Structure formats: structure tokens, C-alpha cells
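Residue numbers (the UniProt record's numbering): 1 to 191.
All C-beta atoms, glycine included, are put in the ideal place defined by N, C-alpha and C.
Predicted, not measured: the structure shown is a model, and the values here were computed from it.
Beneath this line is the structure, given in C-alpha cells, with notes to follow.
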Amino acid sequence: MDLILATDWINNAYPEMDLEDANKVNKEPTKKQEEEAEDPSWISLIDEEMKREPLAPIGTPKNCGCAERRRPVPLVDHLCKRFKCSAHELHVLFKSIEKRRDIVEHLRSVQLRTAHLRPSMPNFPVRCNDLSILDTHSAPAYRGYLGITVRMHYYIKHGIRLRHPNLPCVVEFGGGDHKTFFPLEILSIVL
1 MDLILATDWI NNAYPEMDLE DANKVNKEPT KKQEEEAEDP SWISLIDEEM
51 KREPLAPIGT PKNCGCAERR RPVPLVDHLC KRFKCSAHEL HVLFKSIEKR
101 RDIVEHLRSV QLRTAHLRPS MPNFPVRCND LSILDTHSAP AYRGYLGITV
151 RMHYYIKHGI RLRHPNLPCV VEFGGGDHKT FFPLEILSIV L
């Protein structure tokens with residue numbers, strides 16, 4: 001029985017490959033290698049474009065179908081301004097039953113719109129029926145199927161990394177027992 005060494009197998013499988021040249025130090029690069037080094041990859045081009053483009057906040061859509069005098073304001077900013085607190089302190093207000101009722105009543109009286117969809121898809125109005133008890137990072141999406149949370153859904157489907165996953169979601173009731181959860185960050189209020 002003959003033993004086949006790994007180098008013999010490589011030499012037989014790839015006769016055009018010269019193993020002795022691969023082990024040499026300070027080998028001159030070929031023209032093709034020099035051209036590849038000069039040609040920037042598509043990843044570096046995308047990185048350069050992203051550096052040049054100013055990042056718009058999630059809550060302010062560029063193209064809104066609202067009247068010119070009515071402008072959308074991010075919902076988190078509006079609630080912080082109304083209750084005179086920071087975004088990190090806002091989740092404490094949702095623990096108080098009285099403040100929670102005030103917030104829900106206020107959100108029912110104003111017009112809410114989504115602000116996370118790209119310009120090719122129109123953002124749509126949302127009714128606030130209630131606020132979720134669970135935070136965005138623990139509220140189940142798809143009725144708890146496969147353990148996916150609302151935070152995971154928005155990251156996977158829309159590529160949005162939520163800045164405040166500790167805030168609750170706005171709940172919109174649909175037909176039957178269907179509920180749709182919207183994180184506060186992706187909603188804007190039309191004033």
C-alpha cells in the first residue's frame with residue numbers, strides 16, 4: 001500500500017501551482033496583484049460614501065406628505081419635551097400608572113406616523129390603542145413565534161438599531177386578537 005503525502009496530492013491536483021515560489025520571501029508582486037491593490041474594493045467605496053452623507057435621525061422623515069405648516073417631530077423628543085425629562089428618564093414615567101394614562105390619552109389625541117420606511121415606501125398613520133407592558137427588547141413579535149422580539153424584527157427587517165430599547169411600544173389593535181407593536185423611536189407626531 002502506497003502512502004500519499006499531502007504535498008504530492010496538491011502537486012497532482014494543482015500542477016500549475018508552484019509550491020516553491022509560495023515559500024520565497026520578498027517575492028515581487030505581479031502586475032495583476034498591483035492592479036488589485038490599487039483598485040479599491042466595493043466595501044471601501046461604500047464606507048467613503050457613508051462618511052460623506054450626513055446621517056438623518058430616524059424620527060424625521062425627509063419626504064412627508066403632510067402640509068407644509070404641519071411638521072413631523074420624533075415621538076421620543078416630543079414626550080421628553082412635554083414631560084421635561086431625558087430619553088433615559090422617560091422609561092421611569094411609564095412605570096407610573098397616572099403618567100402612563102396621561103401619555104396614552106395624549107397619544108390618542110394626536111396624529112402618529114411611522115418614520116422608518118425608505119422613500120420608496122410611504123410611511124403610514126398609526127393609532128395608539130395602548131402601550132405595551134413589556135419593553136421593546138422583550139415584547140414578542142409575530143405572536144412570540146421563534147422567540148423573536150420587536151427589537152430583533154426592526155433590526156433584521158429594516159436594519160434599524162434602536163437607541164432606546166428600554167421604552168415600551170405603541171400597540172395598535174387589528175382584527176380579532178391581532179396586535180401590532182411600534183417602538184416609540186420609529187414614530188413621529190405630526191404637529
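| Item | Value |
| --- | --- |
| Status (buried if at least 16 other CB within 10 Å, exposed otherwise) for GLU98 | exposed |
| Own chain, CB closer than 8 Å to ARG82, minus 5 neighbours either side, in chain order | HIS106 |
| Alpha helix (DSSP H) segments (min. 4 residues) lying fully within the segment 105-191 | 150-158 |
| Touch test, the segment 139-159 against the segment 86-103, Cβ-Cβ under 8 Å, three pairs minimum | no |
| The alpha helix (DSSP H) enclosing LYS81, as first and last residue numbers | 75-83 |
| C-beta contact flag for ALA87 and HIS164 at 7 Å | yes |
| Check whether ALA141 and HIS153 have beta carbons under 7 Å apart | yes |
| Distance between ASN166 and LEU117 (C-alpha atoms, nearest Å) | 22 Å |
| PHE124 to ARG113 span [Cα, whole Å] | 6 Å |
| Chain-order list of residues whose beta-carbon lies under 7 Å from that of ARG108 (same chain, five-residue window excluded) | CYS128 |
| From ARG71, LEU131, PRO122, residue whose alpha carbon lies closest to that of LYS95 | LEU131 |
| CB of VAL76 within 7 Å of CB of GLU185, strictly | yes |
| Best match in HIS91, GLN111, CYS80 for proximity to SER188 [C-alpha to C-alpha] | GLN111 |
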